[in-house]
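Just below is one structure, and these are the notes that go with it.
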Amino acid sequence: VTILLLFLSPRVGGLIGRVGARLLMASGATIVAVAFVLLTLMGQSPPYWMQLLPAVIVLGLGMCLFITPLTATVMGAVPPTLVGAASGINNAVSRVAGLLAIAILGVVVVAGFQSALTSNLNSVPIGSQARASLIANADRLADDPMPPGLSATQTVDVQSAVDSAYLVGYRWAMVSCALLCAISALV
677 VTILLLFLSP RVGGLIGRVG ARLLMASGAT IVAVAFVLLT LMGQSPPYWM QLLPAVIVLG
737 LGMCLFITPL TATVMGAVPP TLVGAASGIN NAVSRVAGLL AIAILGVVVV AGFQSALTSN
797 LNSVPIGSQA RASLIANADR LADDPMPPGL SATQTVDVQS AVDSAYLVGY RWAMVSCALL
857 CAISALV
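This note's numbering numbers the first residue of the sequence shown as 677 and each following residue consecutively.
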C-alpha cells in the first residue's frame, strides 16, 4: 500500500485539476469498498498470491485515489499562512479516526465472533459446562481456552467452531468497512 501511494500519488495529484477531487475521492472510496469485499471472501488460509496480494493492491489503489485529493483539498482550502496548522489538524484528525476505527471494528469483530461461536457450539456434542465456559471466555476470541475434559474429537470440533467464529467476526468487520466506504463514495 505504501509503495503504491509513493508512486501513484503524484500522478493522481495531476488528475485533480482535470477531473476534480470529488470524482477521484468517490472512485477511490468505491475501489476501497471493493477491496474490503475481496478481503471478506477469503477463507481461513487464503493463498497469498491469488487472494491476499490482489486485495491489498486494490486497497492501495483505492486509497491512493482517495487520500491524495483529500489532502490536496484540505491544504487548498486554507490560506498559505495556515497550511502548517491545516496539515497538523489533518494529521491529528486522521490519527484519531484511525484509533476510533480500530476500537469500533474491535467491537464488531467480538460481536460477530460471540454470535457465531454460540451458534457453532450448538452443533458440537459437548457438555453444557464446557459450552458455558467457552461462551464466557468468548471475548478472548481465538485465544478462547479449551475446557478441560474434552476428548480429542471434541477438542478438534471445538477448535473448528472457534476458528470458524473468528472468521465470521473478521468478515463482519470487512463488510462494515465495505459498507462505510460505499456510503462515503455516495456522499
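A virtual CB, placed ideally from N, CA and C, is assigned to each residue, including glycine.
In this structure, does DSSP put residue i in helix, strand or coil?
i, result
"A753", "coil"
"P891", "There is no way to answer for residue 891, as the model of the chain reaches only from 677 to 863."
"M850", "helix"
"S703", "helix"
"S721", "coil"
"G696", "coil"
"V863", "coil"
"V677", "coil"
For residue i, which option in the options has the closest C-alpha, if you only look at C-alpha atoms?
i, options, result
"G764", "A779, I778, T747", "T747"
"I811", "P755, S827, A787, A702", "A787"
"A711", "G760, L728, G774, N813", "L728"
"G738", "G760, A709, S721, R698", "A709"
"R694", "V677, P723, V713, P745", "P745"
"L781", "T706, V851, S721", "V851"
"L735", "V750, L715, V754, Q720", "L715"
"A854", "P686, S791, L700, V713", "V713"
"G825", "I802, L817, A697", "I802"
Can you tell me whether residue i is buried or exposed, with buried defined as 16 or more other CB within 10 angstroms of its CB?
i, result
"F683", "exposed"
"T829", "exposed"
"V844", "buried"
"N798", "exposed"
"L741", "buried"
"D820", "buried"
"L776", "exposed"
"Y622", "With the chain represented from 677 up to 863, any question about residue 622 goes unanswered, as that position is not in the structure."
"V769", "exposed"
"A814", "buried"
"L758", "exposed"
"A779", "exposed"
"M726", "exposed"
Identify, in the order they occur along the chain, each residue of the same chain with its Cβ nearer than 6 Å to the Cβ of residue i, setting aside the five sequence neighbours on each side.
i, result
"W848", "V784, G788"
"D833", "V800"
"N796", "A837, S840, A841"
"A858", "A709"
"S703", "L741"
"A705", "F742, C857, S860, A861"
"L681", "C740"
Could you name the residues of the same chain whose beta carbon sits closer than 7 Å to that of residue i, not counting the 5 residues immediately before and after it, in chain order?
i, result
"M822", "T831, V834"
"I707", "V734, L737, G738, L741"
Give a yes or no on whether the minimum CB-CB distance between residue i and chain D is below 8 Å.
i, result
"I802", "No chain D appears in this structure, which consists of one protein chain only."
Starting from the C-beta of residue i, find all residues in its chain whose C-beta is less than 8 Å away, skip the five residues before and the five after it, and write them out in chain order.
i, result
"I679", "G736"
Which complete alpha helix (DSSP H) runs does the region 728-783 hold, if anything under 4 residues is left out?
729-752
Whole runs of the alpha helix (DSSP H) within the region 782-834, excluding any shorter than 4 residues:
804-812
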